[in-house]
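For reference, the structure is listed below as structure tokens.
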Amino acid sequence: MPSLRDMRSRIASVKNTQQITRAMKMVSAAKLRRAQEQIINMRPYAQRILQVVTNVALSRLVEHPLLTSPQRTNRVLLIVITSDRGLCGGFNNAICRFTEKFIRDYKNTYEKMDFIFIGRKGSDYFRRRGVTARQAILNLAREISYAMASEMAKTCMAEFISGDYDEVRFIYNEFKSAISQKLVSERILPIDLKKVTAAPGDANAAASPNMIFEPAPKDMIDQLLNQHFSTQVFRCMAESVAAEHAARMTSMENATKNAKEMIGKLTLTYNKLRQASITKELIEICSGAEAVSD
Amino acid sequence: MMLTLVTPQKKMLSEVEIDELIVPADRGELDILPGHAALMTTLRAGILRVRLRGKTDFRSAAISWGYLEVGPASVTVLADTAEWPEEIDKVRAEEQYRLAMTRLQDAGLAPDDHVLMQNKVLKESARLALVR
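Taken in order, these protein sequences are the chains called A and B.
Sequential numbering of the first sequence, starting at 1, is according to my numbering.
Sequential numbering of the second sequence, starting at 1001, is according to my numbering.
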């Protein structure tokens, strides 16, 4: 049986925890709003540039290694985006488990699989399991910059073109809404042309072979693809950051709710204990008085 | 003709009916009217002007580098940055312009940086021209 004083200190400590989780929830909500805005503003650009790239590719005026699917996929570069910090529910775990499964499933199919981990959690998880990363990028949440995405895009593209890899794939959490994230594994390179052309009811999708190019397509395509790929990389990062804040917000809200419930339970027990001790004291006094009067 | 003007930061115009669009293209100003042939070109820093359906006056925006794609019924502008005149801070733009100019005159500038600064000067002068 815990003493009254023990109970009091337990209630106080749960209250402290609740305060912290509530504060974290508020911070995440504020950060989420900013991240969300960034994504929503960027999505149309990312979609449009993919459309333009597709149109150029379908006009069959240019040949570019990034646009042609290889015959066989043997060497894969996986870029896994997690968060740097924890306390965000199943956010990181889901990604790590998915990636592990991916590795298990394709270990025998692919000849070579390399990894780039963005975010400390994923990088630590796989280091413990003996998976060596080619590169680990930390401190993502603090500042995701277009310059960084563009840098990374350039290296990936160069390696893809030189034949080091046949496929570049991103594994990350896509931001769907404040309460749900979707785990996606997206092939970024080679550019998936079928995905776009399948979009029905878009007059823009009708690629014309008579398209005029100024300057010539081969001068333009490099820059265009570069821009496209950088945008995609940046978008993946931004999606993941927003999803992280959303996940943290939800899990912190749950934690606050749990703490509240816990406080309620503890207070009830505390009051019962207090009542019991008062009753006991009263009985003692009464029985004492009776003994005297007899 | 439907115009969509997007930048990585925001969506400026989305599927808006227009009658005319004038852009600073790779080899000079380009005037796009409905029924224009399919075209794909790069854009330089400068002023983009657009006349909405049924209007007689143009709306202008300062853009830096980007792409233009003209399709059968739609026009897409993918700009690195784009701003309406009311979004431009004149004092800051002047400052940036002066800064870029001084850096451009620096003899020790690497060739890549030189091109970068030239673009910067073009961009800032377009922004200034718009607010003046």
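Built from N, CA and C at the ideal position, the CB exists for glycine as well.
At a cut-off of 9 angstroms between beta-carbon atoms, phenylalanine 213/A makes contact with chain B. If the five residues before and after lysine 25/A are omitted, its C-beta is found closer than 7 angstroms to the C-beta atoms of Met249, Met252, Glu253 and Thr256, all from its own chain and listed in chain order.
If you ignore the 5 residues before and after arginine 1044/B, its C-beta comes within less than 6 angstroms of the C-beta of Pro1024, all in its own chain and listed in chain order. Using a CB distance cut-off of 9 angstroms, valine 1006/B counts as an interface residue toward chain A.
Between isoleucine 191/A and leucine 67/A, the beta carbon gap of about 6 angstroms places them in contact (Cβ cut-off 8 angstroms). Cβ neighbours of threonine 1042/B within its own chain (closer than 7 angstroms, five residues either side excluded): Asp1026 and Tyr1067.
Note on geometry: alpha-carbon atoms of glutamate 261/A and phenylalanine 98/A lie some 33 angstroms from one another. Boundaries of the alpha helix (DSSP H) harbouring alanine 242/A: 217 to 293, taken from the DSSP string. DSSP places aspartate 1106/B outside both helix and strand once states are collapsed to three, so it counts as coil. For alanine 1062/B, the uninterrupted beta strand (DSSP E) segment begins and ends at 1059 to 1063.
For methionine 24/A, there are no neighbours in chain B by C-beta distance under 8 angstroms, as the nearest C-beta there is about 28 angstroms away. Taking C-beta separations shorter than 7 angstroms and ignoring five residues to either side along the sequence, the partners of alanine 1100/B in its chain run Met1117, Lys1120, Val1121 and Glu1124, following chain order.
At least 9 angstroms separates the beta-carbon of alanine 1062/B from that of isoleucine 1022/B. Boundaries of the alpha helix (DSSP H) harbouring valine 27/A: 4 to 58, taken from the DSSP string. Using a Cβ distance threshold of 9 angstroms, alanine 1073/B and methionine 1002/B count as a contacting pair. Close CB contacts of alanine 153/A within its chain, under the 6 angstroms cut and outside five residues either way in sequence, are with Phe229, Ser230 and Val233 (chain order). Rounded to whole angstroms, alanine 29/A and serine 162/A show a C-alpha spacing of 43 angstroms. Counting the other CB atoms within 10 Å of its CB gives valine 1091/B a total below 16, which places it among the exposed residues. If you look at asparagine 173/A, you'll find it isn't in any alpha helix (DSSP H); it sits in the beta strand (DSSP E) that goes 167 to 175. The criterion of a C-beta distance shorter than 9 angstroms is not satisfied by glycine 130/A and serine 83/A. The way I'd put it, the segment 31 to 46 of chain A does touch the segment 236 to 243 of chain A; three or more beta-carbon pairs between them come closer than 8 angstroms. Within the same chain, Ile1032, His1036, Ala1038 and Leu1039 come within 7 angstroms of valine 1070/B by CB-CB distance, once the 5 residues on both sides are set aside. Of all C-beta pairs linking the segment 271 to 280 of chain A to the segment 2 to 9 of chain A, three or more are shorter than 8 angstroms, placing the two stretches in contact. Glycine 1028/B and valine 1077/B have their C-alpha atoms spaced approximately 16 angstroms apart. Among the residues facing chain B, leucine 66/A is not included, as its CB has no counterpart in that chain under 9 angstroms away.
Think of a sphere of 7 angstroms around the beta carbon of asparagine 41/A: the chain B residues whose beta carbon falls inside it are Gln1009, Lys1010 and Lys1011, in chain order.
Serine 1060/B places its beta carbon less than 9 angstroms from that of valine 1050/B. Rounded to whole angstroms, the Cβ separation of isoleucine 221/A and histidine 64/A is 5 angstroms, and the two are in contact under 8 angstroms.
Annotation: the continuous alpha helix (DSSP H) that includes glutamine 1118/B extends over 1111 to 1131. Secondary structure note for isoleucine 81/A: its beta strand (DSSP E) is the uninterrupted segment 75 to 81.
Proximity of chain A to leucine 1039/B at the Cβ level (cut-off 9 angstroms) is accounted for by Met211, Ile212, Phe213 and Glu214, in chain order. Assignment of glutamine 1009/B by DSSP, reduced to helix, strand and coil, places it in the coil class. Just measuring C-alpha positions, the residue of Glu1083/B, Val1075/B, Gln1096/B and Ala1110/B sitting nearest arginine 48/A is Val1075/B. Here glutamate 1083/B is buried. Its C-beta has 16 or more other C-beta atoms within 10 Å.
Under a 10 Å Cβ-count criterion, tyrosine 125/A is classified as buried, with 16 or more other Cβ atoms of the shown protein chains found around its own Cβ.
For glycine 1035/B, no beta strand (DSSP E) run applies, since DSSP gives it neither H nor E.
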